[in-house]
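The block underneath contains the structure these notes are about, expressed in structure tokens.
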Amino acid sequence: MIRRPPRSTPLYSSAASDVYKRQDRDRADLDGTSRISADLKVGALHPRTVLHDLSRQSGPGPEAFRRELAWREFYADVLAHHPRSAWHDLRADLRELAYDGLPDAVQAWRVGRTGYPMVDAGMRQLAATGWMHNRVRMITASFLTKDLHAWWPIGARHFLGHLLDADVASNSHGWQWVAGTGTDSSPYFRVFNPVSQGERFDPHGDYVRRWVPELAHLPGRAAHRPWDAADGYAAVRPDTPDPTTAMRSRPVIGGRLAVCRGPWNRNLGRGGGPRGVCEACLAPGRGGVQ
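So our numbering is basically just the index in the sequence shown, starting at one, shifted up by 68.
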């Protein structure tokens with residue numbers, strides 16, 4: 069039975085505001101979000117009520133909170149004006165992109181068996197709790213669309229079927245923001261590196277070790293690079309193949325994931341983006357409060 073994650077800090081408390089101000093809200097290993105997204109989704113809490121409560125506070129934290137609410141309402145408005153964008157690319161110039169969407173690779177992503185710890189931790193947390201940190205949502209979405217080259221609705225439908233706070237507007241347009249087919253100006257060349265993102269937003273490896281217990285024996289940041297440890301996955305499952313094998317043709321260039329190959333497009337051409345990788349793409353999440 070999926071249970072809603074508990075909220076450990078009072079809604080809009082000074083502690084929560086401090087977390088937003090320090091940007092710790094991007095840390096997957098910390099309880100740094102409000103957890104009100106499900107309340108907003110089912111209508112138990114109205115955005116205007118949230119804004120009223122936030123009006124009693126000032127500073128960077130509450131202001132960041134208000135921005136996230138604005139993104140949520142913005143996506144609802146986009147969907148109202150473009151209803152097809154729920155399951156189709158919003159931007160017409162990217163509708164000819166080619167995709168792989170290999171069934172085995174997509175299934176490995178769904179169940180958290182890709183071999184990339186941060187991705188697997190997020191997908192397992194989603195399956196177990198019906199919730200995932202927004203930073204991890206972006207990392208897992210980027211992995212599916214930019215590294216496995218699957219069309220974003222495949223992931224959006226999976227999220228919609230598992231998230232307790234699943235909202236069609238925020239979900240689909242959040243996926244399109246990552247995939248580069250939506251309202252944002254960055255298309256195929258925005259790539260979230262799951263290794264460097266994990267090291268930055270789960271710096272001690274606690275989040276990974278919690279949800280990927282076969283890596284519990286790896287200390288600190290080593291949990292994000294099990295392939296570098298002699299006793300990585302093999303310490304628990306000797307029959308586990310090299311976790312990077314399935315992605316060997318794409319992922320590693322000097323220890324970093326390669327950029328999306330940029331399939332043929334009549335406007336962009338192939339390989340039109342910069343070489344290498346968008347190192348950590350630190351732009352804030354789009355599409356609602358968590």
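We put the CB at the ideal spot given by N, CA and C, even for glycine. Quantities reported herein were computed from a predicted structural model and do not represent experimental measurements.
Tell me whether the beta-carbon of residue i lies closer than 8 Å to the beta-carbon of residue j.
i	j	result
D270	D92	no
V280	D188	yes
A298	G273	no
L162	S153	no
L228	A237	no
K214	V276	no
L137	L165	no
H230	Y143	no
Q125	I207	no
In the DSSP assignment, the alpha helix (DSSP H) including residue i goes from what residue to what residue?
i	result
P294	Neither: P294 is in no alpha helix (DSSP H) and is coded neither H nor E.
S126	Premise fails: S126 is in no alpha helix (DSSP H) and is neither H nor E.
A224	W220 to H230
D107	S105 to V110
F269	P262 to F269
Y301	Where Y301 is concerned, there is no enclosing alpha helix (DSSP H), given that its DSSP letter is neither H nor E.
A247	V236 to A247
V276	D274 to W279
Quick one: residues in its chain with C-beta nearer than 6 Å to the C-beta of residue i, no 5 flanking neighbours on either side, listed in chain order?
i	result
R329	At R329 the pLDDT is 32, less than 50, meaning the model places this residue with poor confidence; the figure from the coordinates comes in the next sentence. Once the five neighbours on either side are set aside, R329 has no close Cβ partner at all.
H217	Y167 and D168
W177	L212
Q193	M200 and W279
Y184	P262
V204	A96 and G190
Skipping 5 residues on each side, what residues in its chain have a beta carbon closer than 7 Å to that of residue i?
i	result
W243	A209, W220, G223 and A224
T249	D157, L158, R159, L162 and W220
A247	T213 and W220
Mind checking whether the beta-carbon of residue i lies closer than 7 Å to any heavy atom of the ligand ADP?
i	result
P271	Although the ligand ADP was asked about, the structure shown includes no ligands whatsoever.
Within its chain, find whatever has a CB closer than 8 Å to the CB of residue i; leave out the 5 residues flanking it on each side and keep chain order.
i	result
D107	L113
E267	R289 and H292
P151	none
N239	A224, F227, L228, L231 and G355
I think residue i touches residue j, with their Cβ atoms under 8 Å apart; what is that distance to the nearest whole Å?
i	j	result
M191	V174	With 8 Å as the limit, M191 and V174 do not qualify as a contact, their Cβ atoms being about 11 Å apart.
P115	E141	7 Å
In the stretch 132-207, which residue ranges form an unbroken alpha helix (DSSP H) of at least 4 residues, counting only runs that do not cross its ends?
As far as the stretch 132-207 is concerned, its whole alpha helix (DSSP H) runs of at least 4 residues are 171-179 and 185-197.
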